[in-house]
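Participant: Take this structure, written in structure tokens, and hold onto it; I'll ask about it next.
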Amino acid sequence: MAASMCIECEDTEASLSCVECDDLYCDLCFQAQHHSGSRLRHTRTVLATSSSSVPPPSPLVELPIIDVVPIQVDETMEDVSMDQATLAKETQLILRRAKVMPMRLSDSERVLFNLLDAGLNVSEYTDKVDILSYQSPVKRILNELTDLFNIMSGMLVASDFRNGKKRIAGQKYHDNADFFKAVFEIGRRYKIMNPERMRNNYGKMIYLLQDASMQEIEDHFEFSCIEPTHTVHSFLADREGLDLLQDADVPVATRSLADSCGVGQRAIKSAAIDAIISRHTTTLLGADDIRRVLSSIDDNNSYLALNCTPITRMQALLEQYFQSPAPFSLEIRAGKNGARLSHSHKTQYAYAMQSLSLWRNITLEMFPLWFAVEEDLIHGGGYRLRVLLFLSNSIVNSFGVLIVVLGTHCAS
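Here the sequence shown is numbered in the UniProt record's numbering, starting from 1 and rising by one per residue.
Quick look at the structure:
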């Protein structure tokens, strides 16, 4: 009997059924269609799929260590119970990268994020600032920033009347500087952790913050809208808890586990979390704070593992099947099948491998790069092309990747 296909993507076998929608979905489409609103409460039923139609999962390829060890998903029990040398190595890597690991939003911060997102949705900042007008640019910026501050202040009162009224009533903008700083910092942090979200509002917010950083604007409002992004390192430093990052149980407690992992793996991870909480809980750093820190590190590891694993798989397949020209040659000739230049099999193989290596290194360093780019956009300042330098030093011959990325022949 033919397998039922997902009603959304129409090319994947359905694995879930929604009782209320009366439709069949694959896992990804079900999550996409039921991630918010009233659909969150819909009832799902797991469909029985034929084992013959489900391909066996391909084994994960271990990532080489390049200043970071992304934690793989679907680890075996032997992998979770790592030797002391590996634990110490991963602990040091986490300690070094904690400064670019954004903190997961708390419940109260999510309320403020929704307030910011709603304010940016109704704001016409870019429509009214980036136009030809008889008003000076500074005056237009001041007017639109004032409107946005008023909108967010009103939404704060609407969401929590008693506390919002105390904060807003009879106050000037600079009296609530901490509130506005926190709201914009939460928006920036949320975007780092969720690149697929805020596709329109993030750009509007960055334009707004760039304009708000002008000296004339800061002098008018008497405060800066920019606050450093809250990271795992800064969160623990404020609470005198940096020793937690050196705990040998942190790599186990923050290891990413797939939904299909065994009960034993989850028990080991849960035991490691409880052990860390019992050792590091203080008056300044509570148990909930520690859980949030470990969840933030786990989020970071999950991102690296899920985004780097497909690249390393592709490299392994390229090496396995295309290292020699027989039976599959990668040779291309100018004028054939759309090719604009000629490459031998060896040259094209090296170019493909180099391209994958570049993207893998960029993915591994995505969080430091994001912090550097945002710092450059908001404050300005220098940063170095360290990923490209590493790549250029690790290869013998360049086949154009560096030139394409830099837009110049001066790739060195």
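Glycine residues also receive a C-beta, built at the ideal position from the N, C-alpha and C atoms.
I need the straight-line Cα distance from residue 433 to T363, nearest angstrom please.
Facilitator: Examination of residue 433 is not possible in this model, given that the chain is present from 1 through 412 alone.
Participant: Starting from the C-beta of L318, find all residues in its chain whose C-beta is less than 8 angstroms away, skip the five residues before and the five after it, and write them out in chain order.
Facilitator: Same-chain partners within the cutoff: Y349, A352, M353 and L356.
Participant: Report the three-state DSSP secondary structure of R189 (helix, strand or coil).
Facilitator: Three-state DSSP puts R189 in a helix.
Participant: How long is the line joining the alpha carbons of V253 and S344, rounded to whole angstroms?
Facilitator: Sequence inspection shows Ala at residue 253; the Val mentioned does not correspond to that position. Going by the C-alpha atoms only, they are around 48 angstroms apart.
Participant: Going by the beta-carbon positions, is the gap between L145 and A212 smaller than 9 angstroms?
Facilitator: Going by C-beta atoms, L145 is nearer than 9 angstroms to A212.
Participant: How would you label F328, buried or exposed, when you count the other beta carbons within 10 angstroms and need 16 or more for buried?
Facilitator: Exposed, since its Cβ has fewer than 16 Cβ neighbours within 10 Å.
Participant: Can you find at least 3 beta carbon pairs, one from the segment 149-164 and one from the segment 202-211, that sit closer than 8 angstroms?
Facilitator: Segments in contact, no.
Participant: On the CB-based measure, 16 or more other CB atoms within 10 Å of its CB, does N121 come out buried or exposed?
Facilitator: Per the 10 Å Cβ criterion, exposed.
Participant: Of all the options L156, F113, F223 and P368, which has the alpha carbon lying nearest to the alpha carbon of K172?
Facilitator: Answer by Cα proximity: F223.
Participant: Is the beta carbon of E12 sitting closer than 9 angstroms to the one on C18?
Facilitator: Reading off the sequence shown, one finds Thr at residue 12, where the question assumed Glu. No, the pair does not count as a contact, with Cβ atoms beyond the cut-off.
Participant: Mind checking which residues open and close the beta strand (DSSP E) that includes S17?
Facilitator: Residues L16 to C18.
Participant: Output yes or no for whether 9 angstroms exceeds the beta carbon distance between A98 and I297.
Facilitator: In contact: A98 and I297 (Cβ atoms closer than 9 angstroms).
Participant: Should V46 and S4 be called a contact, given that it needs their Cβ atoms to be closer than 9 angstroms?
Facilitator: No, Cβ-Cβ distance for V46 and S4 is not below 9 angstroms.
Participant: Under 9 angstroms between the Cβ atoms of M366 and V232?
Facilitator: Not a contact, by the Cβ cut-off of 9 angstroms.
Participant: Comparing alpha-carbon positions, which option in N307, D243, F149 and L40 lies nearest P195?
Facilitator: Closest by alpha carbon: N307.
Participant: Counting C-beta neighbours from all protein chains within 10 Å, is the total for D178 16 or more, i.e. buried, or is it exposed?
Facilitator: It counts as exposed.
Participant: Would you mind giving the Cβ-Cβ distance between G187 and F113, rounded to the nearest angstrom? I have them listed as a contact below 8 angstroms.
Facilitator: With 8 angstroms as the limit, G187 and F113 qualify as a contact, their Cβ atoms being about 6 angstroms apart.
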